[in-house]
Amino acid sequence: MAVAGAMGGDDEAFDTLYGLFGERVYRYALVRLREPADAQDLVQRVFLSVIEALPTYEDRGVPFGAWLFRIARNAVIDIERGRRPHAALDALAEHPDPAPGPARRAESQADRALLRDALLGLTADQRDVVVLRFFGGLAHAEIAAVIGKREGTVRALQFRALATLRRQLDPAVWFAGEPDGAPA
Amino acid sequence: MRIRLFPGRISRAAEVDPLEAWFATRIASAYLPDPAPVAAVRHTVLAAYRDAVAASRIKAQDRLRMGRRRPRWVVAGALAASLIVGSVGFVAASDGPGQPLYGLRLTIESLTLPPPGSPDRPRARLRLLDSRLTEAKQAGARGDLRAADAALVAADAQLADILADSADDTVVPGDLDQGLDRAATVLSGLASDLPASAEPGVARALDHVNRARHDRAARRAAAAGAPTPPPGADPGAPRGGKTKPDASNPAGGGRKAGGTGLRASGGVIPAPRDGAGKARRHRERETERVIRPGRPSSGSNGPAGRRMRR
């Protein structure tokens with residue numbers, strides 16, 4: 000509905016779309032890029048591209064979210080090409096926590112550093128799937144449309160990625176659940 | 450220890466969902482981005498959207514105004530056709546009288562004339578008449594009778610068009626009179642320069658010019674209330690009263706209708722150079738040769754020769 004309205008020139012419909020996807024794109028961009036300012040610029044760039052491409056959008060089995068995130072992913076890839084490998088993920092640990100409080104900040108910063116290291120241990124495809132799924136908030140089918148793989152492949156990639164992350168982030172829980180220590 | 454019956458398969462309920470839940474919780478506790486930057490961009494994006502919508506509406510209106518876009522093949526076809534026409538026109542523009550594309554050249558020239566009713570149109574036609582006569586003269590000078598004849602036919606047609614255009618007096622009278630006088634001068638010169646075989650064409654064109662000059666003289670006289678000059682009279686002669694015969698001009702004053710008696714803008718055209726007179730003299734000589742006994746014509750295949758054999 001909102002998509003059709005936005006295509007018809009309805010301000011409110013477009014604003015609704017921005018409300019639905021703006022923050023998700025920002026989170027996705029923040030994980031992939033170095034700086035919050037870069038993520039903010041990327042949100043603007045992505046939505047300007049959406050405005051430009053909206054008249055040509057056709058729902059041919061590709062959900063609007065997937066279409067939008069494909070634009071976002073391509074924009075991120077363009078930016079990342081000019082950077083050193085994995086530089087973007089460093090921002091995950093450096094990014095200041097909006098929630099104040101020294102104890103909470105120290106805890107979440109340590110957690111983010113762990114998360115960054117764990118994500119760096121994934122393959123590129125696994126990392127792509129995890130970021131789109133948990134930071135972009137996309138469904139498996141949408142991720143499949145964004146990265147051009149089958150939904151089953153996406154699920155398998157995600158499963159392997161999460162298993163790896165859990166092994167690295169919470170080894171105690173992992174080994175408690177799997178006494179023989181054999182990952183799936 | 451859990452035993453897997455199908456090691457290749459992953460149980461969604463037992464393995465995938467708990468992992469997803471764990472990771473989502475982990476991210477939620479570790480990573481809460483500030484939504485302020487997203488809100489800051491919102492106004493910019495919405496303003497851009499409004500501009501784009503306004504621009505697309507204007508574009509849609511323009512498209513409606515301009516109508517449907519022509520298909521590419523129509524544009525390509527039109528371009529190819531114009532190239533062909535342009536190339537042929539370019540080639541035709543260099544074709545002289547008697548050459549294959551001379552007719553096309555004349556057509557193109559007539560298409561480039563000012564629109565009917567424009568005062569420049571008859572003047573342009575007069576220029577074309579001059580060009581045709583010049584072509585005839587040049588063709589005659591190089592002995593190309595076919596080209597000369599083609600140019601004379603074209604000149605004749607141009608003259609007819611000029612007279613048709615001048616019927617509603619769109620031509621400045623002085624211009625037309627001068628043009629006709631000039632044409633008469635050139636045609637008279639051609640009559641003496643060209644061989645006898647080209648004379649009919651010259652005579653025909655000259656006759657038309659003379660008739661046109663006479664008509665204009667008659668019209669002038671009618672407008673001034675004077676009697677209409679006789680058909681053989683010199684239309685260029687001064688109007689009203691008697692004129693003294695010019696000693697230097699045998700065609701002047703009371704000259705017979707047989708000669709041209711044309712007065713060009715600069716003077717009188719000498720009658721002996723008249724093409725019609727030359728043709729007549731040629732015919733007289735031939736007749737003399739036929740009727741004189743003991744002097745058969747060398748080429749005795751004509752009627753005269755047949756008469757001699759009898």
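Heads up: the protein sequence lines correspond to chains D and F, in order. The first sequence: position 17 = 16 (the numbering used here), numbered continuously. The second sequence: position 299 = 748 (the numbering used here), numbered continuously. Every residue gets a Cβ at the ideal spot worked out from N, C-alpha and C, and that includes glycine.
{"Asked": "Comparing alpha-carbon positions, which option in D:G7, D:L19 and D:V45 lies nearest F:V502?", "Found": "D:G7"}
{"Asked": "Along chain F, which residues have their Cβ under 8 Å away from the Cβ of D:Y17?", "Found": "R491, V494 and L495"}
{"Asked": "Is the beta carbon of F:R570 sitting closer than 8 Å to the one on F:P563?", "Found": "yes"}
{"Asked": "Which class does D:L137 belong to by DSSP, given the choice of helix, strand or coil?", "Found": "coil"}
{"Asked": "Among F:R669, F:R660, F:L594 and F:R506, which residue has its Cα nearest to the Cα of F:Q548?", "Found": "F:L594"}
{"Asked": "If you count every other CB in all the chains shown that lies within 10 Å of the CB of D:L119, and 16 or more means buried, which is it?", "Found": "exposed"}
{"Asked": "Would you say F:V487 and D:V42 are within 8 Å of each other, going by their C-beta atoms?", "Found": "yes"}
{"Asked": "Looking only at its own chain, which residues have a Cβ that is under 7 Å from the Cβ of D:Q157, when we skip the five neighbours before and after it?", "Found": "V128, V129 and R132"}
{"Asked": "Tell me whether D:V2 is buried or exposed, calling it buried when 16 or more other Cβ atoms sit within 10 Å of its Cβ.", "Found": "buried"}
{"Asked": "When the Cβ atoms of the stretch 600 to 608 of chain F are set against those of the stretch 574 to 590 of chain F, are three or more pairs found closer than 8 Å?", "Found": "yes"}
{"Asked": "Measuring only the C-alpha atoms, how far is F:A590 from F:V658?", "Found": "22 Å"}
{"Asked": "Specify the secondary structure class of D:D56 as computed by DSSP and reduced to three states.", "Found": "A quick correction: the sequence has Tyr, not Asp, at residue 56 of chain D. Coil at D:Y56, not helix or strand."}
{"Asked": "Quick test of your reading: F:R574 and F:I611, contact by CB under 8 Å. State the CB separation rounded to the nearest angstrom.", "Found": "5 Å"}
{"Asked": "Would you say D:A65 and D:E141 are within 8 Å of each other, going by their C-beta atoms?", "Found": "yes"}
{"Asked": "Span of the alpha helix (DSSP H) holding D:I6?", "Found": "Note on identity: in this sequence residue 6 of chain D is Met, with Ile being the wrong assignment. Taken as a continuous stretch (DSSP letters only), the alpha helix (DSSP H) holding D:M6 covers A1 to M6."}
{"Asked": "At the 8 Å Cβ level, is F:A470 part of the contact set with chain D, yes or no?", "Found": "no"}
{"Asked": "For a contact defined as C-beta to C-beta under 8 Å, what are the partners of D:Q43 on chain C?", "Found": "The displayed structure is made up of protein chains D and F, and chain C is not among them."}
{"Asked": "Identify, in the order they occur along the chain, each residue of the same chain with its Cβ nearer than 7 Å to the Cβ of F:P721, setting aside the five sequence neighbours on each side.", "Found": "Summary for F:P721: the model assigns pLDDT 43, below 50, so the residue's position carries little reliability, and this model does not support an answer."}
{"Asked": "Kindly say whether F:P568, judged by its beta-carbon, lies nearer than 8 Å to any beta-carbon of chain D.", "Found": "no"}
{"Asked": "Taking the alpha carbon of D:E79 as the point to measure from, which residue in D:L67, D:F20 and D:E34 has its own alpha carbon closest?", "Found": "D:E34"}
{"Asked": "Going straight from the alpha carbon of F:Q587 to that of F:A597, what length do you get?", "Found": "8 Å"}
{"Asked": "Using a Cβ-Cβ cut-off of 8 Å, state whether D:A3 counts as contacting chain F.", "Found": "no"}
{"Asked": "Compare the C-beta of D:D10 against all C-beta atoms of chain F and say whether one is closer than 8 Å.", "Found": "yes"}
{"Asked": "Helix, strand or coil: how does DSSP classify F:Q548 here?", "Found": "coil"}
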